[in-house]
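A.B. asks: End of the sequence shown = 517 in the working numbering, gap-free, step of one.
No residue lacks a Cβ here, since even glycine has one placed at the ideal position from N, Cα and C.
Sharing a structure here in structure tokens format.
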Amino acid sequence: MKQAAWILGDQLSLKNSALQQLNSQNDIVVMIESLEHARELNHHKAKLMLCFSAMRHFREELSSKGYTVCYEELGEGKNFLEGLRETLKAHAVERLLVMAPHEIATVRFAQSLPQRLGIEVVITPNTMFLTDRDEFIKKHKGKKHLILENYYREMRKKLGVLIENGKPVGGEWNYDKHNRQSAKAFAQSKLKIPPIWKPEKDEIDKEVEALVEQFFPNNIGTTKHFHLPTKRRDAETFLDDFIENRLAHFGDFEDTMLKDELIMFHSVISPLINIGLIEPMQCVEKAIAQYENGRAPINSVEGFVRQIIGWREFIYGCYWVKMSEGDYHEENYFNHTRPLPDFYWTGETKMNCLSKAIQKVLNFGYTHHIERLMVLGNFALLAGVQPKQINRWFWEFYLDAYDWVVTPNVIGMSQFADGGFVATKPYCSGSGYIEKMSDYCKSCAFNPKEKTGEKACPFNYLYWDFLMRHEAKLRSNNRITMIYGTLDRKSNEEKRAIRHSAETFLSSLKPNTYYT
Ligand code: FAD
Ligand code: SF4
């Protein structure tokens, strides 16, 4: 029976289970660059460049291994259904294999294919995660809250990662409390942040870059600063560069933000791991080897491992639980209705932390986790922005954004719009956190020490205003009861001044005209 494996653009793993079931002599691989799909959202130009260039490099890789790859290149009117129909007919394919897509919309599309194409379609298990999503759904469906730490420990034991005689290596499961060094501590350390390794653009990259300008001239962002690998060999070098040169300080300065630094000691592997150019266990094994060779301390290595086998897997599981219960995109625990401010598209705001972080995103499609959570997400939450709008913004503006990962991180972790399914309390703060962890406040038009009034940092009054507005939903959360104790000690006059400053500031925000 003649078979074809349809490889999606975010499934470029050699372990792809649909690919592995092919007979490379008789069967074919199908890959389609769908203009229709790519235009569903206003994706950052650099993300489009990464995706299409990585797909074309994967075509080369598979061809060199002897596969017949039928590849539809970007063009007007191109979409998945027509691409599949034409290719399968031309090659008299009788069975189509597709690895379980990562996102609900594509799963539904794949499930509709037998009827639409009139052939057998087999959805093969997803091999790009360490979590079995059906098992995860079965175990957690219907629960109100999940706890990352529990899942992380389970994964450590299951995979035998950083475990010695049944106990965590180094004696502790989690070294997070060592990983909160401030911007001041970074300056005192006199450490230099090593420049990241950047591959040269090859002919395929340049060709795709021109196509992105041709087909998506008005999309957000730019490809001018594109610095990511688009082929597997380069992705591995990129990972090695992180492991050898930055991992050792990853832990200490994981939460530190500097206005002129994009990456600090982070890995920037999310755009690559999310499309299958590198594998999760490859990252984990390399990090552990670095610890065993005495070249990286346990707080860094455990911290990094927790991101990969803890957070990444947990988020994937949470997405599938929530999607099995309804539409996660629509959740809005606080009933927030404000449109996202227009400055999220330009960076034009006097709030220095937001302005600089947005400029980083426009240029690179990247900021590290803390700028996402405690600057961009924090502001949207405190300002009462519609969760669906901020979710779409992250989805469009970041190079690593796919529904399965962006939605639980934004709707769940950052906006608490799922009422605490992913996070045990809202991740929000006034200026104190940003002032301690960054150097943004030093050159800001606002004063982080002032609480109300024109010069005061908006994070300060927005924070208390948010807590007052949502007291009925939050006071009973025992992780923030103490904060309500502080609020209770504020006088009525102070509370009135907070409300007044918040209302004045919020009414000055210009709404965006992009999302309705
Ligand atoms: P590092 O700090 O070097 O961490 C290593 C790896 O751990 C990451 O590459 C990533 O694969 C994984 N990881 C760590 N935290 C998470 C997490 N919470 N969820 C999933 N994987 C995680 N991550 C995405 O991959 N795509 C997104 O669209 C995305 N959107 C986010 C939106 C918000 C509001 C927040 C708070 C987080 C978001 N994250 C997203 C998670 C995290 O911020 C990024 O994975 C990380 O910043 C990527 O940079 P890095 O590769 O340098 O990560
Ligand atoms: Fe951001 Fe406030 Fe600091 Fe300005 S003062 S950089 S707005 S936290």
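Find out if the Cβ-Cβ distance for the pair Gln387, Thr338 is shorter than 7 Å.
C.D. replies: Closer than 7 Å, so yes.
A.B. asks: Decide if the segment 360-380 is in contact with the segment 280-299; the criterion is three or more beta carbon pairs, one per stretch, under 8 Å apart.
C.D. replies: These segments do not touch.
A.B. asks: Is the beta carbon of Met438 less than 7 Å from the beta carbon of Met265?
C.D. replies: Cβ atoms of Met438 and Met265: not closer than 7 Å.
A.B. asks: If you reduce the DSSP assignment to three classes, tell me which class Met282 lands in.
C.D. replies: Three-state result, Met282: helix.
A.B. asks: Among Val30, Leu163, Ala503, Asn493, which has the Cα closest to the Cα of Ile299?
C.D. replies: Nearest C-alpha to Ile299: Leu163.
A.B. asks: With a 10 Å radius around its C-beta and 16 neighbouring C-beta atoms as the bar for buried, classify Ala6 as buried or exposed.
C.D. replies: It is buried - the Cβ of Ala6 has at least 16 other Cβ atoms within 10 Å.
A.B. asks: Where does Thr505 fall in DSSP's three states?
C.D. replies: It is helical.
A.B. asks: What I want to know is whether the C-beta of Phe447 ends up closer than 6 Å to one or more non-hydrogen atoms of the ligand SF4.
C.D. replies: Yes, the Cβ of Phe447 comes within 6 Å of a heavy atom of the ligand SF4.
A.B. asks: Spatial neighbours of Lys361 within its chain, please: C-beta separation below 6 Å, excluding the five flanking residues on both sides.
C.D. replies: For Lys361, where only same-chain residues beyond five positions count, the Cβ hits under 6 Å are Leu263, Thr368.
A.B. asks: With a threshold of 16 other CB atoms inside 10 Å of the CB of Asn461, please say whether the residue is buried or exposed.
C.D. replies: By the 10 Å Cβ count, Asn461 comes out buried.
A.B. asks: Does any heavy atom of the ligand FAD sit closer than 6 Å to the C-beta of Phe130?
C.D. replies: No, the beta carbon of Phe130 sits no closer than 6 Å to any heavy atom of the ligand FAD.
A.B. asks: Can the beta-carbon of Glu1 be found less than 7 Å from the beta-carbon of Ile412?
C.D. replies: This structure cannot settle anything about residue 1, because the visible part of the chain is limited to 2 through 517.
A.B. asks: Using three-state DSSP, classify Val99 as helix, strand or coil.
C.D. replies: Strand at Val99.
A.B. asks: Among Leu20, Glu104, Lys48, Leu229, which has the Cα closest to the Cα of Trp321?
C.D. replies: Of the candidates Leu20, Glu104, Lys48, Leu229, the one whose C-alpha sits nearest the C-alpha of Trp321 is Glu104.
A.B. asks: Using a threshold of 6 Å, is the CB atom of Asn353 nearer than that to any non-hydrogen atom of the ligand SF4?
C.D. replies: Indeed, a heavy atom of the ligand SF4 lies less than 6 Å from the Cβ.
A.B. asks: Could you name the residues that DSSP lists as bridge partners for Asn448?
C.D. replies: For Asn448, which the question treats as bridged, DSSP gives the partners Ala457.
A.B. asks: Taking 8 Å as the cut-off, does the segment 218-231 touch the segment 65-77 (at least 3 CB pairs, one atom from each stretch)?
C.D. replies: Touching, no, given that fewer than three Cβ pairs across the two stretches are closer than 8 Å.
A.B. asks: Helix, strand or coil for Met352? Go by DSSP, reduced to three states.
C.D. replies: Correct three-state label for Met352: coil.
A.B. asks: Residue range of the beta strand (DSSP E) that Val31 falls in?
C.D. replies: Residues 29-33.
A.B. asks: Nearest to Glu303 by CA position, among Glu34, Lys145, Phe380, Glu255, is which residue?
C.D. replies: Measuring from the Cα of Glu303, the nearest candidate turns out to be Glu255.
A.B. asks: Mapping DSSP to helix, strand and coil, what is Val423?
C.D. replies: Of the three classes helix, strand and coil, the one that applies to Val423 here is coil, per DSSP.
A.B. asks: Using a Cβ-Cβ cut-off of 7 Å (strictly less than) and excluding sequence neighbours within five positions of Ala55, which residues of its own chain qualify?
C.D. replies: For Ala55, where only same-chain residues beyond five positions count, the Cβ hits under 7 Å are Leu13, Thr231, Ile276, Leu278.
A.B. asks: Taking all protein chains shown into account, decide if Ser415 is buried (16 or more other Cβ within 10 angstroms of its Cβ) or exposed.
C.D. replies: Ser415 should be labelled buried.
A.B. asks: Tell me which residue opens and which closes the alpha helix (DSSP H) that Tyr329 is part of.
C.D. replies: Tyr329 -> no alpha helix (DSSP H), and no H or E assigned at all.
A.B. asks: Let me know if Asn180 comes out buried or exposed under the rule of 16 or more other beta-carbons within 10 Å of its beta-carbon.
C.D. replies: Buried: at least 16 other Cβ atoms inside 10 Å.
A.B. asks: State yes or no: is the C-beta of Tyr441 nearer than 6 Å to some heavy atom of the ligand MN?
C.D. replies: For the structure depicted, the ligand MN is absent and the ligand set comprises only the ligand FAD and the ligand SF4.
A.B. asks: Is Gln308 near the ligand FAD - that is, is its Cβ less than 6 Å away from at least one heavy atom of it?
C.D. replies: Gln308: yes, Cβ under 6 Å from the ligand FAD.
A.B. asks: For Pro512, which option in Asp343, Leu400, Glu95, Gly67 has the closest C-alpha, if you only look at C-alpha atoms?
C.D. replies: Cα-wise, what sits closest to Pro512 is Asp343.
A.B. asks: Please name the residue, chosen from Phe506, Leu89, Met324, Gly318, that lies closest to Phe137 on a Cα-to-Cα basis.
C.D. replies: The shortest C-alpha separation from Phe137 is found at Gly318.
A.B. asks: To which residues of the same chain is Ser356 closer than 8 Å at the C-beta, ignoring the five residues directly before and after it?
C.D. replies: Answer for Ser356: Phe344, Gly348, Glu349, Thr350, listed in chain order.
A.B. asks: From Asn27 to Asn17, what distance separates their C-alpha atoms?
C.D. replies: Each residue's Cα considered, the two are about 18 Å apart.
A.B. asks: Within the present structure, is the beta-carbon of His45 separated from the nearest heavy atom of the ligand FAD by less than 6 Å?
C.D. replies: Result no, Cβ not under 6 Å from the ligand FAD.
A.B. asks: By how many angstroms is the C-alpha of Phe243 removed from the C-alpha of Ile197?
C.D. replies: Approximately 8 Å between the Cα atoms of the pair.
A.B. asks: Taking buried to mean at least 16 other C-beta atoms within 10 Å of its own C-beta, is Thr408 buried or exposed?
C.D. replies: The residue in question, Thr408, is buried, as its Cβ has 16 or more Cβ neighbours within 10 Å.
A.B. asks: Taking Pro200 as the reference, which of Asp177, Leu118, Leu229, Cys52 has the closest Cα?
C.D. replies: Nearest of Asp177, Leu118, Leu229, Cys52 to Pro200, Cα basis: Leu229.
A.B. asks: Please give me, in chain order, every unbroken run of the beta strand (DSSP E) with length at least 3 that falls completely inside the segment 61-102.
C.D. replies: Entirely contained in the segment 61-102, the beta strand (DSSP E) runs reaching 3 residues are, in chain order, 69-73, 96-100.
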